[in-house]
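Residue numbers (full-length UniProt numbering), protein chains in the order written: chain G, 1 to 155; chain S, 1 to 155. Beta carbons are placed, not taken as given, at the ideal position from N, Cα and C, and that holds for glycine. Here the structure is a predicted model, which means the values were calculated and not measured. Shown next, in structure tokens, is the structure this report addresses.
Number of protein chains: 2
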Amino acid sequence: MKDMDIAEVSRRTGVPASTLRYYEEKGLIASIGRRGLRRLFDPAVLERLALIALGRAGGFALDEISSMLTPDGLTKMDRRRLDAKADELDRSIQRLTATREALRHAARCPAARPMECPTFRRAVRLAGAGRFEVTPIGPFKAEAVPATRRKRKTG
Amino acid sequence: MKDMDIAEVSRRTGVPASTLRYYEEKGLIASIGRRGLRRLFDPAVLERLALIALGRAGGFALDEISSMLTPDGLTKMDRRRLDAKADELDRSIQRLTATREALRHAARCPAARPMECPTFRRAVRLAGAGRFEVTPIGPFKAEAVPATRRKRKTG
DNA sequence: CTACGAGTTCAAGCCGACTTGAGGTCAAGT
DNA sequence: ACTTGACCTCAAGTCGGCTTGAACTCGTAG
Numbered sequence: 001m002k003d004m005d006i007a008e009v010s011r012r013t014g015v016p017a018s019t020l021r022y023y024e025e026k027g028l029i030a031s032i033g034r035r036g037l038r039r040l041f042d043p044a045v046l047e048r049l050a051l052i053a054l055g056r057a058g059g060f061a062l063d064e065i066s067s068m069l070t071p072d073g074l075t076k077m078d079r080r081r082l083d084a085k086a087d088e089l090d091r092s093i094q095r096l097t098a099t100r101e102a103l104r105h106a107a108r109c110p111a112a113r114p115m116e117c118p119t120f121r122r123a124v125r126l127a128g129a130g131r132f133e134v135t136p137i138g139p140f141k142a143e144a145v146p147a148t149r150r151k152r153k154t155g
Numbered sequence: 001m002k003d004m005d006i007a008e009v010s011r012r013t014g015v016p017a018s019t020l021r022y023y024e025e026k027g028l029i030a031s032i033g034r035r036g037l038r039r040l041f042d043p044a045v046l047e048r049l050a051l052i053a054l055g056r057a058g059g060f061a062l063d064e065i066s067s068m069l070t071p072d073g074l075t076k077m078d079r080r081r082l083d084a085k086a087d088e089l090d091r092s093i094q095r096l097t098a099t100r101e102a103l104r105h106a107a108r109c110p111a112a113r114p115m116e117c118p119t120f121r122r123a124v125r126l127a128g129a130g131r132f133e134v135t136p137i138g139p140f141k142a143e144a145v146p147a148t149r150r151k152r153k154t155g
């Protein structure tokens, strides 16, 4: 198997060409050269894309992912950091599991109003909705903060 | 406990006032009236915010959440939909779990390059990164599509 | 009466991860 | 020689979920 053009990489991974270009621009992947204008990719890029997808599936930001990949190939981070990430994921999983349970329960609990049901309340609490640690995904990092005069966290 | 002003709601939930206003604008919560300009909230809003947080924790969009809440109070959707949501969450959990395992394994596997390790490869595959079903979070819905001439999915 | 500060509105900005569109290039087929 | 069409670049747009800033309005304490 020789080098592939962007269309082939796209076809084999399902990742759109525009995304591949974007990833290259961000330094997540690299093309091995050009033929004319066209990028040529080493088949190893497929593996790398799988890793990137792994990271995305884990909810990591592209920047984080790129900090986890070595240029020559694959992830080679220190245990600490990987473990920290795994722990983070673990907490997400806990929350999601509680949320799932709350949903399942709500689907079959006869209580007129879900919140009247202790099982549901417990799930809500476990989901982090009672105490608002809530760092799920995307923005929304309500941190149970004094609330008045919370300072900007970004820019 | 009587009606609360926005600061109190914020203090008690950790949700910034700006977010509360935004939620009201989106119809996710409602204030029970005004004193002068100032919104007054019924304590029941706390419960509703907990539910919203539950939804967010589950990765649901605000619009989805609002479609799950009845105006008078709480979620009262048909079983089908709740179960569908729970199933969706379940798939997310599977992926996240595989990702976590991949990370944990990568942290202690001695293989020079993680992808050489079958355990890791398996985790990557389970994480959806090999077959790219990858509908994790946020954009990035690569659907193993013909790749050339994929048509726009949004506006 | 006046100032203060917490509240209000509205429009605009921000972030991440891409996508889209206009306009350009180039290798290969006829 | 010319057309085709896949690829290219770069700037701008999109989407969700908020946040921020400017300008304004009140209720209350002094």
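Check: Identify the continuous alpha helix (DSSP H) that holds S:G55 and give its terminal residues.; Outcome: A44 to A57
Check: Within 10 angstroms of the Cβ of residue 164 of chain S, are there 16 or more other Cβ atoms? Answer buried if so, exposed if not.; Outcome: Any answer about residue 164 of chain S is impossible in this case: the structure gives chain S only from 1 up to 155.
Check: For chain S, find out if any of its Cβ atoms is closer than 8 Å to the Cβ of G:L96; answer yes or no.; Outcome: yes
Check: Can you name, in chain order, every residue of its own chain whose Cβ lies under 7 Å from the Cβ of G:A123, other than the five neighbours on each side?; Outcome: A98, E101, A102 and H105
Check: Does the segment 46-53 of chain G come close enough to the segment 80-99 of chain G that 3 or more CB-CB pairs lie under 8 Å?; Outcome: no
Check: From S:Y23, S:A61 and S:D5, pick the residue whose C-alpha is nearest to that of S:K37; which is it?; Outcome: Reading off the sequence shown, one finds Leu at residue 37 of chain S, where the question assumed Lys. Per the Cα distances, S:D5.
Check: Quick one, are the C-beta atoms of S:R95 and G:A57 less than 8 Å apart?; Outcome: yes
Check: For the segment 55-115 of chain S, list the alpha helix (DSSP H) runs that are entirely contained and at least 4 residues long, ordered along the chain.; Outcome: 62-68 and 79-108
Check: When Cβ atoms are compared, which residues of the segment 34-46 of chain G fall closer than 8 Å to chain S?; Outcome: none
Check: To the nearest angstrom, report how far apart S:L82 and G:T119 are at their CA atoms.; Outcome: 16 Å
Check: So, with DSSP's three-state summary, where would you put G:G33?; Outcome: strand
Check: Using Cβ-Cβ distances below 7 Å, what residues of the segment 111-128 of chain G are close to chain S?; Outcome: R113, P114, M115, V124, A127 and G128
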